[in-house]
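Which chain is which? The protein sequence lines are A and B, in order. Using this note's numbering, read the first sequence as starting at 1 and increasing by one per residue. Using this note's numbering, read the second sequence as starting at 114 and increasing by one per residue. Beneath this line is the structure, given in structure tokens, with notes to follow.
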Amino acid sequence: ILNVEQSPQSLHVQEGDSTNFTCSFPSSNFYALHWYRWETAKSPEALFVMTLNGDEKKKGRISATLNTKEGYSYLYIKGSQPEDSATYLCASYSGAGSYQLTFGKGTKLSVIP
Amino acid sequence: GAGVSQTPSNKVTEKGKYVELRCDPISGHTALYWYRQSLGQGPEFLIYFQGTGAADDSGLPNDRFFAVRPEGSVSTLKIQRTERGDSAVYLCASSQLAGVYNEQFFGPGTRLTVL
Chain A
1 ILNVEQSPQS
11 LHVQEGDSTN
21 FTCSFPSSNF
31 YALHWYRWET
41 AKSPEALFVM
51 TLNGDEKKKG
61 RISATLNTKE
71 GYSYLYIKGS
81 QPEDSATYLC
91 ASYSGAGSYQ
101 LTFGKGTKLS
111 VIP
Chain B
114 GAGVSQTPSN
124 KVTEKGKYVE
134 LRCDPISGHT
144 ALYWYRQSLG
154 QGPEFLIYFQ
164 GTGAADDSGL
174 PNDRFFAVRP
184 EGSVSTLKIQ
194 RTERGDSAVY
204 LCASSQLAGV
214 YNEQFFGPGT
224 RLTVL
């Protein structure tokens with residue numbers, strides 16, 4: 001069973017601040033890491049699918065990096081806005097022919113205007 | 114096109130009752146997944162379908178839980194003799210194909226409360 005950890009559990013930042021949080025996963029048998037954003041009362045929204053060591057992906061003010069050798073991924077938000085307030089989830093695949101995602105508990109971000 | 118939809122959005126039931134939760138995936142998506150998020154936890158895998166067949170049901174917690182996808186599109190998650198511990202948000206997702214690199218598109222979830 002995979003163990004996917006996220007930190008911090010929650011985070012409060014002021015509007016305009018940049019922030020980042022961490023996802024840790026087992027480095028052995030790595031296949032892919034997914035990042036999702038989940039706003040209250042909405043569907044989880046896919047942000048990135050990351051596969052290669054050293055990958056860096058960007059979508060607007062949000063970017064993510066991947067280190068498969070040490071088993072971590074960082075998500076960065078530049079110039080946080082109130083609409084960035086959400087829970088950010090990362091998920092990894094169990095591998096071995098299974099396509100189930102194993103999620104961390106998420107980082108809940110609150111951006112204060 | 115429409116995203117993944119789930120009905121009902123909220124369901125309150127009494128302990129011991131039977132419930133059905135419905136998922137309509139994105140048209141043309143062959144893979145469909147069910148997850149459950151309990152309070153303070155991340156979503157936990159329950160089952161996934163490739164077409165009409167359950168390809169992996171290893172996440173179903175016990176035999177009170179069952180899911181079907183008879184025509185390879187809509188899926189129903191069925192819970193018999195509900196218990197208070199079944200209270201959670203049940204999420205459905207679909208992807209064009211099952212695969213580690215394929216993005217899963219999620220519905221808004223069904224919040225189940227068992228009194």
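Cβ atoms here follow ideal geometry from the backbone N, Cα and C, with glycine treated the same way. None of the values given here were measured: they were computed from a predicted structure.
Discussion item. Pop quiz: Phe-21 of chain A and Trp-35 of chain A are said to be a contact at Cβ under 8 Å. What is the actual Cβ separation, rounded to whole angstroms?
Written reply: Sequence index remark: in the first sequence, residue 21 of chain A carries index 21 (1-based). Sequence index remark: in the first sequence, residue 35 of chain A carries index 35 (1-based). The pair is not a contact, with the Cβ atoms about 10 Å apart (cut-off 8 Å).
Worksheet item: Taking three-plus beta-carbon pairs below 8 Å as touching, is the segment 125–137 of chain B in contact with the segment 160–173 of chain B?
Response: no
Fill in: chain A contact for Phe-178 of chain B (CB, 8 Å cutoff)
For this step, residue 178 of chain B is matched to residue 65 along the second sequence. For Phe-178 of chain B, the answer is no, since every Cβ of chain A falls outside 8 Å of its Cβ.
Worksheet entry | Which of helix, strand or coil DSSP assigns to Arg-182 of chain B | Counted from its first residue, the second sequence places residue 182 of chain B at position 69. Arg-182 of chain B: coil per DSSP, three-state reduction.
Worksheet item: Alpha carbon to alpha carbon, how far is Pro-138 of chain B from Ser-186 of chain B?
Response: Here residue 138 of chain B corresponds to residue number 25 of the second sequence, with the count starting at 1. Here residue 186 of chain B corresponds to residue number 73 of the second sequence, with the count starting at 1. Their backbone Cα atoms lie some 7 Å apart in a straight line.
Discussion item. If I follow the unbroken beta strand (DSSP E) through Asn-20 of chain A, where does it start and stop?
Written reply: Translated into the one-based positions of the first sequence, residue 20 of chain A becomes position 20. Looking at the DSSP string, the run of the beta strand (DSSP E) that includes Asn-20 of chain A is 19–24.
Discussion item. With DSSP as the reference, identify every bridge partner of Tyr-131 of chain B, one or two as the case may be.
Written reply: Stepping through the second sequence from its first residue, residue 131 of chain B is reached at position 18. DSSP, once it has assigned bridges, lists no residue as partnering Tyr-131 of chain B.
Worksheet entry | Whole-angstrom distance between Ala-64 of chain A and Gln-154 of chain B, CA atom to CA atom | The sequence position of residue 154 of chain B within the second sequence is 41, counting from 1. The sequence position of residue 64 of chain A within the first sequence is 64, counting from 1. Going by the C-alpha atoms only, they are around 23 Å apart.
Discussion item. I want to verify the contact list: residues of chain A whose CB lies under 9 Å from the CB of Asp-169 of chain B, in sequence order.
Written reply: Here residue 169 of chain B refers to the residue found at position 56 of the second sequence. Here the neighbours are Gly-97, Ser-98, Tyr-99, Gln-100.
Discussion item. Excluding the 5 residues flanking Lys-124 of chain B on each side, which residues of the same chain have their C-beta closer than 8 Å to its C-beta?
Written reply: Within the second sequence, numbered from 1, the residue matching residue 124 of chain B stands at position 11. The residues are Val-132, Leu-134, Thr-223, Arg-224, Leu-225, Thr-226.
Worksheet item: Skipping 5 residues on each side, what residues in its chain have a beta carbon closer than 6 Å to that of Ala-101 of chain A?
Response: Counting from 1 along the first sequence, the entry for residue 101 of chain A is found at position 101. Before going on, a small fix: residue 101 of chain A reads as Leu here, not Ala. Within the same chain, Leu-101 of chain A has close Cβ partners Ala-91.
Worksheet item: Taking 8 Å as the CB-CB limit, is Ala-201 of chain B close to chain A?
Response: Counted from its first residue, the second sequence places residue 201 of chain B at position 88. Answer no: the Cβ-Cβ gap between Ala-201 of chain B and chain A never drops below 8 Å.
Worksheet item: Cβ atoms of Phe-103 of chain A and Pro-156 of chain B: under 8 Å apart, would you say?
Response: Taking the second sequence and counting its residues from 1, one reaches residue 156 of chain B at position 43. Taking the first sequence and counting its residues from 1, one reaches residue 103 of chain A at position 103. Yes, Cβ-Cβ distance for Pro-156 of chain B and Phe-103 of chain A is below 8 Å.
Fill in: Local Cβ density within 10 Å of Ser-110 of chain A, reported as buried at 16 or more and exposed below that
Position 110 of the first sequence, counted from the start, is the residue given in the question as residue 110 of chain A. So Ser-110 of chain A ends up on the exposed side.
Worksheet item: Which residues does DSSP pair with Gly-166 of chain B in a beta bridge?
Response: To locate residue 166 of chain B, count along the second sequence from 1; it is residue 53. In the DSSP output, where bridge partners are listed per residue, Gly-166 of chain B has B:Gln-163.
Fill in: Closest residue to Pro-26 of chain A among A:Gly-79, A:Leu-89, A:Gly-71 (Cα-Cα distance)
As a working note, residue 26 of chain A is residue 26 in the first sequence. Looking at the Cα atoms, A:Gly-71 is the closest of the given residues.
Worksheet entry | With 16 other Cβ atoms within 10 Å as the buried cut-off, status of Leu-210 of chain B | Position 97 of the second sequence, counted from the start, is the residue given in the question as residue 210 of chain B. It is exposed - the Cβ of Leu-210 of chain B has fewer than 16 other Cβ atoms within 10 Å.
Discussion item. Between which residues of its own chain and Cys-207 of chain B is the CB-CB distance below 6 Å, once the five residues before and five after are set aside?
Written reply: Here residue 207 of chain B refers to the residue found at position 94 of the second sequence. Residue identity check: residue 207 of chain B is Ser in the sequence provided, not Cys. For Ser-207 of chain B, where only same-chain residues beyond five positions count, the Cβ hits under 6 Å are Val-117, Pro-138, Ile-139, His-142, Leu-145, Phe-218.
Worksheet entry | Separation of Gly-54 of chain A from Tyr-67 of chain A, as counted between CA atoms | Residue mapping note: residue 67 of chain A aligns to position 67 of the first sequence, counting from 1. Residue mapping note: residue 54 of chain A aligns to position 54 of the first sequence, counting from 1. Note that residue 67 of chain A is Asn in the sequence shown, not Tyr. One C-alpha to the other measures close to 6 Å.
Worksheet item: Relative to the alpha-carbon of Ser-10 of chain A, which residue among A:Gly-106, A:Pro-113, A:Ile-112 has its alpha-carbon at the smallest distance?
Response: Taking the first sequence and counting its residues from 1, the one referred to as residue 10 of chain A is at position 10. For Ser-10 of chain A, the nearest C-alpha among the options comes from A:Gly-106.
Worksheet item: What first and last residue would you give for the beta strand (DSSP E) that runs through Asn-123 of chain B?
Response: Counted from its first residue, the second sequence places residue 123 of chain B at position 10. From DSSP, the beta strand (DSSP E) with Asn-123 of chain B extends over 123–126.
Practice prompt. Can you tell me which of the three DSSP states Asp-137 of chain B falls into?
Written response: Here residue 137 of chain B is taken as the residue at index 24 of the second sequence, counted from 1. Looking at Asp-137 of chain B - three-state DSSP - the assignment turns out to be strand.
Fill in: Spatially closest choice to Lys-42 of chain A from B:Thr-189, B:Arg-149, B:Asn-215, B:Leu-204, by CA coordinates
Counting from one through the first sequence, the residue named residue 42 of chain A turns up at place 42. Nearest C-alpha to Lys-42 of chain A: B:Leu-204.
Worksheet item: Rounded to whole angstroms, how far is the Cβ of Glu-5 of chain A from the Cβ of Ser-28 of chain A, which I believe are closer than 8 Å?
Response: Locating residue 5 of chain A in the first sequence gives position 5, where the first residue counts as 1. Locating residue 28 of chain A in the first sequence gives position 28, where the first residue counts as 1. About 15 Å separates the two Cβ atoms, so there is no contact after all.
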